[in-house]
Every structure is written in structure tokens, then in C-alpha cells.
Amino acid sequence: MTILLSCLLFFNLLCFLLFALDKRKAQRGQRRIAEKTLHLATLPGAAPGAWAAILLLHHKNRKAAFWGVTLVLTLLQGVVLYFTLPYFQAQL
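Structure below.
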């Protein structure tokens, strides 16, 4: 269980840092990180990291399409958590 939580923390931190790097590149007028890459970074359980970056860094907060995909990924992760949580509770 601690390995899983450590991996989730790592992926969330990585996702947040990718969003922060993209924000910095946007401010400097440099080549940006593709939205597809940001979404792929969100996929492995890193929705909290993505939302933290969106809300705290005000990054991609005006793009409805980006929010929509991030919301779908968040809901997908919620469904996975809902169905796998009993398995992890049984392990304790």
C-alpha cells in the first residue's frame, strides 16, 4: 500500500511540475509542452496534481476543452479508485 501511495505522490508531483514548466515556457514565449503530453501525465492517477497546477498556477484555466478532458480523466480515476478500494481495504 505504501508503494502505491508513493507512486501516486510521485506522479502527482511530476504532473504538477510539467504544468509549471509549461506555464514558465508560456510566459517566456518558448516552445510549449503539448496538451496531449499534459493529459498523458494526468492519466496515471495524477488528477490532483493537474488540478492543483490549474488552480494554483492559473495555467490552462481559461481553456474549456482542456478542463473537459481533465475532468473526464479525474472521473475515470475516481471510478478506478471506487472499484479498487475494497481490494486494498481487504489487504489491510
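Heads up: the sequence shown begins at 1383 in my numbering, then just goes up one per residue. Note that the Cβ used here is the ideal one computed from N, Cα and C, for glycine as well.
Query raised in the report: Which full runs of the beta strand (DSSP E) of 3+ residues lie inside the region 1404 to 1453, going along the chain?
Result: none
Requested in this report: Closer than 8 Å by C-beta to W1433: which residues in its own chain qualify, once you throw out the five before and the five after it? Chain order, please.
Outcome: Non-local beta-carbon contacts of W1433 in its own chain, meaning distances under 8 Å to residues more than five positions away in sequence, involve T1452 and T1456 in chain order.
Query - Neighbour-count burial assignment, F1470, 16 or more Cβ in a 10 Å radius - result: exposed
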